[in-house]
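Accompanying notes for the structure given below.
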Amino acid sequence: MEDKQLNQTIFVMVPFGYGVHKFKIMKRINWGAVDHLVLQTIASGPTTPDELSRATSLPRQLVIEILIPLMQAGWIEISHIDGRYLFKITHRGLVVSTEADLPVNKEPIVRIRSFLVDPLTQQCYRVDKKKKQAFLIYPKAKVHRVIQQYGVYATEMRVNDPAYDPDISEIYSCVAHDDEEISGFESDAVKPRYGESLRYIIVRVDSENKLQGVPDISDELRAEIISAAVKRREQLRLLGSAPATGMQISSHEVSPLEKIFPSVLVRSACVDLLATPEDHRVHFISEIRNAYSRLVIHSTFLNPSCIDLILEDLIGAARRSVQIDILWGQCPPEVEDKLFDYKRVLDSIESLQTYIDSQGLSTQLKFHREPTNSHSKFLISDRKNGEWHTTFGSCNWLSSNFNRIEASVRVVDMKVGSIALNIASALAMGRRGLANNLSRDLAVQSARLAAWAKDQKSATTGDSVSVRIITAPEHHKLAKHACDKAEREIFVCSHRVSYAGDRPIFTPLKASIKAVPSIKIKIAFGRSSGEMRNQEAKVLKEKLESHGFEVIKADDPQIHAKFLTWDDNNLIVTSLNWLSASSKGDYLGELGVHVFGGEFSKKIKDSFDKLYG
Numbered sequence: 001m002e003d004k005q006l007n008q009t010i011f012v013m014v015p016f017g018y019g020v021h022k023f024k025i026m027k028r029i030n031w032g033a034v035d036h037l038v039l040q041t042i043a044s045g046p047t048t049p050d051e052l053s054r055a056t057s058l059p060r061q062l063v064i065e066i067l068i069p070l071m072q073a074g075w076i077e078i079s080h081i082d083g084r085y086l087f088k089i090t091h092r093g094l095v096v097s098t099e100a101d102l103p104v105n106k107e108p109i110v111r112i113r114s115f116l117v118d119p120l121t122q123q124c125y126r127v128d129k130k131k132k133q134a135f136l137i138y139p140k141a142k143v144h145r146v147i148q149q150y151g152v153y154a155t156e157m158r159v160n161d162p163a164y165d166p167d168i169s170e171i172y173s174c175v176a177h178d179d180e181e182i183s184g185f186e187s188d189a190v191k192p193r194y195g196e197s198l199r200y201i202i203v204r205v206d207s208e209n210k211l212q213g214v215p216d217i218s219d220e221l222r223a224e225i226i227s228a229a230v231k232r233r234e235q236l237r238l239l240g241s242a243p244a245t246g247m248q249i250s251s252h253e254v255s256p257l258e259k260i261f262p263s264v265l266v267r268s269a270c271v272d273l274l275a276t277p278e279d280h281r282v283h284f285i286s287e288i289r290n291a292y293s294r295l296v297i298h299s300t301f302l303n304p305s306c307i308d309l310i311l312e313d314l315i316g317a318a319r320r321s322v323q324i325d326i327l328w329g330q331c332p333p334e335v336e337d338k339l340f341d342y343k344r345v346l347d348s349i350e351s352l353q354t355y356i357d358s359q360g361l362s363t364q365l366k367f368h369r370e371p372t373n374s375h376s377k378f379l380i381s382d383r384k385n386g387e388w389h390t391t392f393g394s395c396n397w398l399s400s401n402f403n404r405i406e407a408s409v410r411v412v413d414m415k416v417g418s419i420a421l422n423i424a425s426a427l428a429m430g431r432r433g434l435a436n437n438l439s440r441d442l443a444v445q446s447a448r449l450a451a452w453a454k455d456q457k458s459a460t461t462g463d464s465v466s467v468r469i470i471t472a473p474e475h476h477k478l479a480k481h482a483c484d485k486a487e488r489e490i491f492v493c494s495h496r497v498s499y500a501g502d503r504p505i506f507t508p509l510k511a512s513i514k515a516v517p518s519i520k521i522k523i524a525f526g527r528s529s530g531e532m533r534n535q536e537a538k539v540l541k542e543k544l545e546s547h548g549f550e551v552i553k554a555d556d557p558q559i560h561a562k563f564l565t566w567d568d569n570n571l572i573v574t575s576l577n578w579l580s581a582s583s584k585g586d587y588l589g590e591l592g593v594h595v596f597g598g599e600f601s602k603k604i605k606d607s608f609d610k611l612y613g
């Protein structure tokens with residue numbers, strides 16, 4: 001009996017979020033030289049497929065396959081001439097046949113598409129009702145009747161506090177077919193709640209723990225489904241015999257995973273470290289002047305006098321047809337005496353936008369008034385050669401006089417660019433989380449870039465580093481990881497220090513030096529923050545030094561950089577003040593870049609030592 005139960009197939013009921021929208025879809029047709037040749041041949045006069053085959057030296061079947069999309073584009077048509085059916089050029093076709101390259105048809109069609117949302121990772125899976133699928137989807141009212149038929153060999157996955165909150169770009173990538181591109185979807189003003197209308201799949205897990213009746217799900221969800229089946233088999237083994245049917249279905253509880261972004265393997269030459277004020281000033285101007293079609297700037301704060309210094313460069317880029325979107329993070333302060341300054345910034349934004357509009361650039365250069373409530377700082381831009389540049393770090397690009405020490409990392413990579421655009425899309429929804437034209441536009445670009453990146457040649461491991469954008473909750477976990485794994489050295493640099501840094505940073509650092517007495521721990525900060533006063537910061541410095549730490553007060557020149565290094569190959573550059581800020585709250589509230597490999601850790605330490613050594 002036990003062997004039978006151990007080898008028994010188990011049926012696992014899994015909940016999914018469910019969404020359905022009217023999507024605006026553009027068919028993607030990549031025209032080639034052969035398509036152009038056929039169109040130009042037809043432009044010279046009406047012809048048949050056989051005549052086209054002889055004239056172009058192409059097989060007849062290939063000619064027919066080329067003619068179909070040309071007809072769908074409206075460039076050729078079939079006419080009955082002199083008793084024969086011939087292909088002839090249309091007026092539109094005659095115009096495009098003279099161009100160097102055939103244009104892509106960009107007339108969107110509207111289609112209803114539905115999708116499922118992974119309960120653990122929030123990935124999306126397309127539901128194609130018109131085609132045969134290897135899985136069945138049940139509404140809540142029906143799934144319980146179906147699962148009951150499997151009796152004791154059924155179990156239910158229960159998700160604690162599910163989110164069902166996928167990124168817009170994830171939805172776009174999911175519902176699009178290979179020859180399609182999503183340009184948007186029709187939705188209400190309120191953010192959709194995909195967890196309000198759950199759908200269920202009953203997954204069959206055989207004796208070898210192979211899954212059937214499920215889409216191509218995430219590895220994390222697959223592992224939990226197998227765990228649920230293994231757990232149920234063990235319960236049956238312990239019971240010794242099959243219980244009576246009709247008993248309540250067993251359950252397997254899981255919790256959603258935190259949203260994290262994937263690591264990307266990037267050639268070392270495509271990663272740059274910015275570590276001085278001049279590095280940042282030159283880089284910012286270069287990003288504006290060299291952007292080809294897109295520039296996204298996110299700065300926590302805005303300073304009108306700093307914006308004035310680069311306004312003409314921004315206008316120059318907009319006149320080159322670069323789409324520039326400026327986002328900022330600062331929300332209205334709760335303290336009354338700071339509210340006046342905040343309103344003054346809002347008035348300045350209004351004045352700047354009015355001036356930009358008067359230059360006829362209202363659609364090209366936009367200061368978005370709705371704050372993102374994020375402390376992150378980043379730049380995203382593209383180049384004429386198709387490159388995408390992404391910069392994350394400590395620099396408030398639109399409120400900096402470039403006179404403080406900063407730290408940022410620039411990465412040239414399509415996959416990283418897609419992730420950054422996805423982040424910008426989420427932040428563009430503002431504090432209320434409402435989708436808008438900008439958030440949808442950035443999501444479209446992110447999905448498009450993700451599709452292009454699939455064809456990008458991957459970096460080889462011999463000449464590459466791992467790059468990953470990290471979210472707010474990951475920071476202190478990675479700091480703890482550094483303390484656990486470092487063997488020789490840990491260096492934490494923060495603009496500010498406060499009592500908030502004790503538990504997440506100082507406590508694990510003390511444990512690290514206790515476990516490995518030979519380890520070198522270095523702390524640098526510029527000024528005290530919160531309730532900590534300068535004298536208290538001095539006392540803290542002395543206490544840390546008594547534990548064997550090297551502590552540097554980096555205030556001449558003033559440090560604004562925020563980074564963490566351990567040993568020789570790990571560097572995190574971020575917007576988070578390691579020694580004074582909490583990593584709790586919105587996951588996009590702070591953003592950083594973890595670079596593993598290369599000599600970037602050494603470079604930033606050498607740069608710091610030149611200034612403060």
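Residue numbering for the sequence shown follows the UniProt record's numbering, beginning at 1 and increasing consecutively.
We put the CB at the ideal spot given by N, CA and C, even for glycine.
Since this is a predicted model, take the numbers as computed values, not measurements.
Taking Cβ to Cβ, would you say residue i is nearer than 9 Å to residue j?
i: Ser400; j: Gly329; result: no
i: Arg410; j: Leu274; result: yes
i: His481; j: Ser394; result: no
i: Tyr138; j: Gly17; result: no
i: Val497; j: Lys522; result: no
i: Ala154; j: Ile25; result: no
i: Val175; j: Cys124; result: yes
i: residue 697; j: Ile572; result: One cannot answer for residue 697 here, as it falls past the ends of the chain, which runs 1 to 613.
i: Ser583; j: Ala486; result: no
i: Gly19; j: Ser114; result: yes
i: Val203; j: Ile171; result: no
i: Ile326; j: Leu361; result: no
i: Val465; j: Leu302; result: no
i: Val159; j: Val63; result: no
i: Gln558; j: Arg404; result: yes
i: Leu102; j: Asp161; result: no
i: Thr121; j: Pro256; result: yes
i: Gly93; j: Ile78; result: no
i: Ala317; j: Ile324; result: yes
List the whole-angstrom C-beta distance separating residue i from residue j, where the pair is believed to meet the contact cut-off of C-beta under 8 Å.
i: Arg281; j: Gln445; result: Wrong, their Cβ atoms sit about 27 Å apart, outside the cutoff.
i: Asn422; j: Ser169; result: 5 Å
i: Ile288; j: Asp313; result: 5 Å
i: Ile349; j: Arg369; result: 6 Å
i: Ile604; j: Ala407; result: 6 Å
i: Phe596; j: Lys553; result: Not a contact, Cβ separation roughly 30 Å.
i: Phe11; j: Ile147; result: 7 Å
i: Leu39; j: Ser97; result: 5 Å
i: Leu588; j: Ser575; result: Going by Cβ atoms, the distance from Leu588 to Ser575 rounds to 10 Å, so no, they are not a contact pair.
i: Thr390; j: Ala420; result: 4 Å
i: Asp568; j: Lys602; result: 6 Å
Give me the DSSP bridge partner(s) of residue i.
i: Ala524; result: Cys493 and Ile552
i: Cys85; result: At residue 85 the sequence reads Tyr, which differs from the Cys that was named. Tyr85 is bridged to His80.
i: Asp117; result: Looking at the sequence itself, residue 117 is Val, so the reference to Asp does not match. BP columns for Val117 point to Gly17 and Cys124.
i: Met26; result: Glu181
i: Trp566; result: Ile490 and Asn570
i: Met157; result: His252
i: Gln212; result: Arg204
i: Leu379; result: Ile297 and Thr391
i: Ser529; result: Per DSSP, none; premise fails for Ser529.
i: Tyr138; result: Tyr200
i: Leu273; result: Val409
i: Arg267; result: Ser464
i: Leu365; result: Ile324
i: Val593; result: Ile469 and Val573
For the pair the stretch 425-441 and the stretch 167-187, tell me if three or more CB-CB distances fall below 8 Å.
By the criterion of at least three beta-carbon pairs nearer than 8 Å, the stretch 425-441 is in contact with the stretch 167-187.
Run through the stretch 405-477 for me and flag every whole alpha helix (DSSP H) of 4 or more residues, listed as ranges in chain order.
If one requires a minimum length of 4 residues, the alpha helix (DSSP H) runs lying completely within the stretch 405-477 are 414-427 and 437-453, in chain order.
Inter-stretch contact at 8 Å, needing at least 3 Cβ pairs: the stretch 62-80 / the stretch 35-52
Yes, they touch.
Quick one: any contact between the stretch 191-207 and the stretch 449-460, if contact means 3 or more CB pairs under 8 Å?
Because the criterion of three Cβ pairs below 8 Å is not met, the stretch 191-207 and the stretch 449-460 do not touch.
Validate contact between the stretch 379-395 and the stretch 295-305 using beta carbons, cut 8 Å, 3 pairs:
Result yes; three or more Cβ-Cβ pairs closer than 8 Å.
Any 3 or more C-beta pairs closer than 8 Å across the stretch 504-519 and the stretch 533-552
Verdict: yes, contact present.
Between the stretch 29-39 and the stretch 214-233, do at least 3 Cβ pairs fall closer than 8 Å?
Fewer than three beta-carbon pairs drawn from the stretch 29-39 and the stretch 214-233 are found closer than 8 Å, and the two stretches are therefore not classed as touching.
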